[in-house]
Structure formats: structure tokens, C-alpha cells
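At position 180 of the sequence shown the residue is numbered 174 (my numbering), and the sequence of numbers has no breaks.
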Amino acid sequence: MRVLLAEDDLRLGKLIQYMLEQNDITVEWVTDGDDIYEYATYTEYDILILDWMMPGESGVDACARLRKNGYDRAILMLTARDSVEDRVTGLDAGADDYLVKPFEFSELLARLRALGRRSTQKIQHEVDEIGGFRLNRTANILEKNGKMIQLSPREFQLFDLLAQNIGIVVPRDIILDRIWGLESDVSSNNIDSYMKMLRKKLDAASEGEAIKTIRGVGYKLEASH
């Protein structure tokens, strides 16, 4: 399971991240509400855990904006606001569940498991066929016309990121952040080299160019090729 955690309380955020990772849940953690929409849009998560009160855009506003734009992954609202009116507001904004602070970690984990069970079948169906490619994220296998395309783990991550945003240009800085991290020493030339190798492998199995380079911006996976 992959989770986006939006929590500006550093102590609580570190604790939640640690406890979830101890239960084999991959966690990406942001502390600014303005990052929620971008992360959720450019990366595939099973569940979003959003604190209501965040610097920048609030968790409940980010939730509402995501739902307005068709986002269909599970969202758990995490907040100290415990009135009935607040619960109704959060659920009406599009949250699937609502957990009030303070809480027991066992309850958070149980709610995540429940949300994961509800969404697993839909997620598997949606990500199976992408732009003519068959993508198996569980086994890290990519196929085209029944033939396996041999990718390195890094190449698979790059393809997965582009596939999540098929037909949309993914900027280089987003690629750097999602695949290596902004503090890494990977350069733009390194990204270009990886993309060149990935494109070569995809084009060998496709008709036409699978990945387009948008000069000075980034890359996109074509919807059909």
C-alpha cells in the first residue's frame, strides 16, 4: 500500500510515518497543504491521509478540489475537529473516512486496511492497460502485444510516473522529485540519459514514438502509438 500523508505537526507526522512503514506501508509525507494536489495528481497513491488544518491549502479544501477534478482514490481526513458539523463538512468535501485526534494507531491502521480493501479492485482495473502497454506494478512487469519489455527498476519507475499522467507533460523537476528526490545530485542530463534508454526500449516494441520530449519542460507518454 502506498500512502500520501499531509500533516504539518512534525512530531505526529514522524510518528505516523514510522508506524506505517513498520507495517509495510510506503509513506510520502508533506507538511504544506499547497503540495497535496500536486503530489496526488502526479503520483499514484492508494490512500491520502489529510490533516484538516494545514499551512497553505487546507486538507479539506484540497480534498474538495481533488474530487471536483475527478480524483477517485480513498481519502482519510485526520483532524482534531470533532463536532458533527465538522464531520459532515469533511465527508461532504469527499473524504471517505474521518478520524479524530488523538487516536490509537491500531484504529488508524484498521481504517487504512478497510479503505484499501474497498479500492483494491478498482485500482487494479484502472492501471492494468495504459496507452497500449500492460503494466503490472506488483511484479514490476511491462508488456506490449504480449511481449515483455525488460526494464531496470529505475526505468520502470520512470515509465510508471509517465503512465500515471498519460498524455500530460511531466516536468523535469517533478521527475527528479518523485524518482530521486530534490536533494539528490542527479542532473538534468542524467534524467535525459535515462529517458533515452527508456524510449529506445519502448520504441522497439511500439509503432512510432512512445515518449515525447517537450523541450525545456519535460516528457510525456503518448496516449496511442
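Beta carbons are placed, not taken as given, at the ideal position from N, Cα and C, and that holds for glycine.
Model, not experiment: these values are computed from the prediction.
Sequence-distant residues of its chain with Cβ nearer than 7 Å to residue i (five each side left out)
| i | result |
| --- | --- |
| Q151 | I173 |
| R109 | Reading the sequence as shown, one finds Leu at residue 109 and not Arg. Result list for L109: I41, A68, L70, D90 and D91, in chain order. |
| D235 | Nothing can be reported for residue 235, as the shown portion of the chain is limited to -5 through 219. |
Spatially closest choice to residue i from the options, by CA coordinates
| i | options | result |
| --- | --- | --- |
| K194 | R81, F153, R(-4) and R128 | F153 |
| D3 | L156, G27 and K141 | G27 |
| V24 | N17, I208 and S52 | S52 |
| G140 | I10, F127 and R166 | F127 |
| M47 | R166, N63, Y65 and R75 | R75 |
| L148 | D186, G125, K138 and R111 | Looking at the sequence shown, residue 148 is not Leu but Arg. That would be D186, whose Cα lies nearest to the Cα of R148. |
| R107 | A58, E137, D18 and E38 | D18 |
Cut-off 6 Å between Cβ atoms - residues of its own chain near residue i, not counting five sequence neighbours on either side
| i | result |
| --- | --- |
| I168 | Y36 |
| F99 | M13 |
| M(-5) | I19, D40 and G110 |
| N134 | F150 |
CB of residue i within 8 Å of CB of residue j, strictly
| i | j | result |
| --- | --- | --- |
| V(-3) | T20 | yes |
| L85 | L93 | no |
| I30 | L72 | no |
| A0 | D45 | yes |
Neighbourhood of residue i by C-beta distance below 8 Å, restricted to the same chain and skipping five residues each side
| i | result |
| --- | --- |
| E15 | V21 |
| V211 | V163, P165 and R166 |
Identified DSSP bridge partners for residue i
| i | result |
| --- | --- |
| V164 | Y213 |
| R5 | Beta-bridge pairing links R5 to no other residue. |
| message | Suppose only complete runs of 4+ residues qualify. What are the alpha helix (DSSP H) ranges in the region 37 to 114, listed by chain order? | response | As far as the region 37 to 114 is concerned, its whole alpha helix (DSSP H) runs of at least 4 residues are 53 to 62 and 78 to 86.
| message | Threshold first: 4 residues or longer. Then list the alpha helix (DSSP H) segments lying entirely within the region 124 to 156, N to C. | response | You should have found no qualifying run.
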